[in-house]
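Quick note on my numbering: the sequence shown kicks off at 2 and runs consecutively.
Working notes, structure below.
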Amino acid sequence: MEDFNMEINQQIHNQATWFTLTNDHNVSVIISDFGATVVAINTPDKNGHVANITLGFMHSHSYLQHHDYFGATVARVAGRLANASWQGHQLDINSTPNHMHGGEHPSLSYTHWNLIKLIKTDSQIGVVLRYISPAGENGYPGRLSISAMFVLDQKNKFTITYFGNTSETTLFNPTTHIYFNLSGNAHAVVDNHEIRINADTIAETDANKLPTGKFLSVADMPYDFRQPQNLGLALSKLPNGLDTPFKLNPQSSLQPQLSLKDPESGRKLGIHTNANSFIVFSTTGFEGDFLVDGTRKMTSQLGLAIEPQMLPDAPNHPNFGNIVITPDNPMIYQTAYTLN
Ligand code: G6D
Numbered sequence: 002m003e004d005f006n007m008e009i010n011q012q013i014h015n016q017a018t019w020f021t022l023t024n025d026h027n028v029s030v031i032i033s034d035f036g037a038t039v040v041a042i043n044t045p046d047k048n049g050h051v052a053n054i055t056l057g058f059m060h061s062h063s064y065l066q067h068h069d070y071f072g073a074t075v076a077r078v079a080g081r082l083a084n085a086s087w088q089g090h091q092l093d094i095n096s097t098p099n100h101m102h103g104g105e106h107p108s109l110s111y112t113h114w115n116l117i118k119l120i121k122t123d124s125q126i127g128v129v130l131r132y133i134s135p136a137g138e139n140g141y142p143g144r145l146s147i148s149a150m151f152v153l154d155q156k157n158k159f160t161i162t163y164f165g166n167t168s169e170t171t172l173f174n175p176t177t178h179i180y181f182n183l184s185g186n187a188h189a190v191v192d193n194h195e196i197r198i199n200a201d202t203i204a205e206t207d208a209n210k211l212p213t214g215k216f217l218s219v220a221d222m223p224y225d226f227r228q229p230q231n232l233g234l235a236l237s238k239l240p241n242g243l244d245t246p247f248k249l250n251p252q253s254s255l256q257p258q259l260s261l262k263d264p265e266s267g268r269k270l271g272i273h274t275n276a277n278s279f280i281v282f283s284t285t286g287f288e289g290d291f292l293v294d295g296t297r298k299m300t301s302q303l304g305l306a307i308e309p310q311m312l313p314d315a316p317n318h319p320n321f322g323n324i325v326i327t328p329d330n331p332m333i334y335q336t337a338y339t340l341n
């Protein structure tokens with residue numbers, strides 16, 4: 002049997018518990034039970050220097066103050082839902098006139114989840130957290146139990162799986178709202194990153210960023226990332242940046258559906274998901290008077306949020322995919338991040 006030293010370290014930060022999963026290849030991931038949040042993903046650069054490739058905070062109280070879902074699990078429904086209503090249920094209106102990211106604070110992104118189990122085998126380590134959302138929370142019907150499983154393996158693959166179980170028919174479309182920056186410790190903005198997305202179309206959105214129901218071909222548009230593109234070049238053609246649902250093409254190979262690379266640090270990221278879209282949010286214009294990672298003031302394009310989820314506003318568009326969960330049909334969403 003192979004010798005391994007992978008470990009799970011558990012520490013209390015204020016009132017949150019942080020779980021650090023470390024494999025034998027200098028890769029570690031920190032998960033907080035507050036919001037089932039990915040606090041950090043630490044990977045080596047081309048010279049072996051290890052740094053955090055996500056935007057996060059050094060102190061758990063910062064997660065209480067900054068409500069932009071840094072690394073958080075977003076549910077019950079990520080993205081926007083038209084008129085904050087579904088089958089006569091009035092959901093929280095928090096992106097007027099629509100519902101966004103599960104509703105008003107405190108949503109489950111800003112709540113403590115329960116530790117269900119730690120995982121440790123020869124090849125992987127992980128943690129499972131659970132939150133039970135009571136019927137009526139944020140306006141949603143049904144008591145929804147959400148388990149979030151975070152697993153890091155020896156091949157530098159980090160997988161997040163959400164399991165949903167409900168007492169009544171309701172909606173379930175979670176995401177993990179990680180802002181990536183492969184330079185490490187938010188050393189530089191993400192403009193020099195190269196991005197590839199296996200998407201021929203994007204969902205057109207209105208002034209409130211709600212899908213209109215139409216798909217637009219990416220051909221000859223700054224959204225064409227079917228071949229690797231310099232992100233800064235694309236953003237220079239998009240004054241408001243990206244806050245865009247990319248509809249993923251059917252998978253025809255083992256290639257990740259999205260790849261990101263920072264030529265300077267040499268770090269790469271590949272993402273596979275069983276959801277049908279990524280919302281890519283370039284944080285253009287997001288200036289904040291606070292420090293991310295304890296070092297850098299939040300500025301435009303300091304991070305790139307990549308949100309794997311079913312297309313936003315799916316219940317109102319028959320061809321957007323199903324996000325209705327019933328007591329007989331528990332749902333599983335899985336996204337794997339390959340870290341090189
Ligand atoms: C999401 O699409 C949304 C953005 O519009 C929002 O500002 C951000 O979350 C916090 O990515």
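Even for Gly, the Cβ is constructed at its ideal location relative to N, Cα and C.
Only a predicted model underlies this, so the values are computations on that prediction, with no experimental measurement involved.
Here Phe20 is buried, its C-beta having at least 16 other C-beta atoms within 10 Å.
Three or more Cβ pairs drawn from the region 60 to 72 and the region 287 to 294 lie within less than 8 Å of each other, which places the two stretches in contact. With respect to the 8 Å criterion, Phe279 and Pro309 are classified as neighbours on the basis of their beta carbons. Between the region 148 to 157 and the region 310 to 320, the count of C-beta pairs closer than 8 Å stays below three; the two stretches do not touch.
At the C-beta level, Ala200 and Lys248 come within 8 Å of one another.
With a threshold of 16 other beta carbon atoms within 10 Å, Gly49 falls short and is exposed.
Ala208 is the residue among Ile126, His68 and Ala208 whose C-alpha sits nearest the C-alpha of Pro98. Within the chosen limit of 7 Å, the ligand G6D reaches the beta carbon of Tyr70 through at least one heavy atom. The C-beta distance from Ala79 to Thr176 rounds to 4 Å, short enough to fall under 8 Å. In this structure, Thr285 sits near Asn241, with a CB-CB distance shorter than 8 Å. In the displayed model, Tyr338 falls within a strand according to three-state DSSP. Rounded to the nearest whole angstrom, the C-alpha separation of Gln11 and Leu183 is 25 Å. Relative to the ligand G6D, Lys210 has its C-beta within less than 7 Å of a heavy atom. A distance below 6 Å between beta-carbons, with the five flanking residues on each side excluded, links Pro223 to the following residues of its chain, in chain order: Ala235, Lys238 and Leu239.
Taking every protein chain shown into account, the CB of Gln228 has fewer than 16 other CB atoms within 10 angstroms, so this residue is exposed. Contact between Ile196 and Leu232 holds: their C-beta atoms lie close to 5 Å from each other, under 8 Å. In the DSSP annotation of this structure, Gly233 is not part of any beta strand (DSSP E); the continuous alpha helix (DSSP H) holding it starts and ends at Leu232 to Ser237.
Per DSSP, Leu65 is one residue of the alpha helix (DSSP H) stretching across Ser61 to Gln66. Taking Pro246 as the centre and dropping the five residues before and after it, the same chain places the C-beta of Gly80, Ile203, Ala204, Thr206, Pro212, Ser278, Phe279, Ile280, Leu312 and Pro313 closer than 8 Å to its C-beta, in chain order.
Ranked by how close their Cα comes to the Cα of Gly140, the residues Asn6, His68, Asp221 and His102 have His102 in first place. With fewer than 16 neighbouring CB atoms inside 10 Å of its own CB, Asp221 falls in the exposed class. Remark: the C-beta of Phe247 is outside contact range of the ligand G6D, defined as less than 7 Å to any heavy atom.
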